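Below you'll find the structure, written out as structure tokens, and then a few comments.
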Amino acid sequence: MSLHVETLGSGPDLVLLHGWGMNAAVWEEVAGALDRGFRVHLVDLPGHGASPLEGPFELEAVTGALLAALPERAAWVGWSLGAMLALAAAARAPERVDQLVLVAANPRFVADGEWPGMPAGVLAEFAAALARDEAATLGRFLALVARGSADRSVLRRLRALRGPVEPAALAGGLRILAEADLRPLLPALRQPLLLIRGGGDALVPGEAAPATAALAPEAKVTGWPDTGHAPFLARPQAFVEALEDFLQ
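Mapping to numbering that gives the first Met the number 0: the sequence shown position 182 is 181, numbers consecutive.
Shown next as structure tokens:
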């Protein structure tokens with residue numbers, strides 16, 4: 000798979016991975032601040048934005064494509080679905096990922112016994128709705144991403160930033176969210192880990208971040224109560240400061 004990667008700034012390499020249904024433009028505000036001290040790599044996942052979909056959108060295949068396209072060593076930041084991909088890359092090639100930041104992340108996205116997550120039935124209903132009416136379902140998804148944020152401009156910006164996505168990439172991403180369980184990767188994780196959560200996140204329960212941190216040997220949790228599923232859009236300055244503090 001070939002990936003579209005935009006590189007900004009100079010300094011230590013820093014990878015930013017977007018989430019489901021979006022593209023690298025979602026990072027533009029924080030990237031404009033981070034490129035003062037980092038060489039920032041903005042990736043469009045396969046079938047999203049300017050990256051073609053050249054094969055199945057599956058966890059192993061997409062992780063391999065990312066590792067093939069990105070620097071030999073970098074810090075990786077992943078948001079939501081992008082966080083699952085970043086975690087998979089860190090476990091698969093630990094020598095390539097120096098530090099790991101997972102934003103609005105859940106290594107097991109659906110609820111599983113006592114594990115906090117989205118009810119599996121809700122995600123299945125969402126996938127069925129996407130197949131029936133893609134535009135309306137994506138609109139509902141963006142509203143959920145924005146929910147919980149005190150910044151009322153987040154939804155407007157999400158709508159403006161969302162670009163074209165291949166339907167097969169949307170469906171494949173939902174399958175990863177529904178099926179992948181990356182919790183077993185956490186105890187052996189070698190990298191320092193920062194988990195950033197939004198206190199009002201409507202897609203990932205607040206308990207997921209501390210539950211994830213409890214499985215990893217070296218993890219910190221931070222976040223802001225007045226943000227939702229996209230805390231970097233609601234609180235970009237605080238987000239950049241948290242990243243810089245962790246990475247430096």
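C-beta atoms are modelled at their ideal positions from N, C-alpha and C, and glycine is treated no differently. Since we're looking at a predicted model, the values are computed, not measured.
Within 9 Å, strictly: CB atoms of residue i and residue j
| i | j | result |
| --- | --- | --- |
| residue 26 | residue 231 | yes |
| residue 80 | residue 188 | no |
| residue 240 | residue 36 | no |
| residue 61 | residue 44 | yes |
Which of helix, strand or coil DSSP assigns to residue i
| i | result |
| --- | --- |
| residue 98 | strand |
| residue 211 | helix |
| residue 13 | strand |
| residue 203 | coil |
| residue 75 | strand |
| residue 62 | helix |
| residue 136 | helix |
| residue 26 | helix |
| residue 151 | coil |
| residue 276 | What is shown of the chain runs 0 to 247, which leaves residue 276 out entirely. |
| residue 243 | helix |
| residue 229 | coil |
Anticipated Cβ contact below 8 Å, residue i with residue j, distance rounded
| i | j | result |
| --- | --- | --- |
| residue 42 | residue 2 | 6 Å |
| residue 184 | residue 212 | Their Cβ separation, rounded to whole angstroms, is 14 Å, which puts residue 184 and residue 212 out of contact at 8 Å. |
Identified DSSP bridge partners for residue i
| i | result |
| --- | --- |
| residue 130 | BP columns for residue 130 are empty, so no partner. |
| residue 43 | 3 |
| residue 195 | 102 and 221 |
| residue 38 | 12 |
| residue 117 | 109 |
| residue 164 | 47 |
Cβ neighbour criterion (16 or more within 10 Å) applied to residue i
| i | result |
| --- | --- |
| residue 222 | buried |
| residue 190 | buried |
| residue 200 | buried |
| residue 120 | exposed |
| residue 106 | buried |
| residue 152 | exposed |
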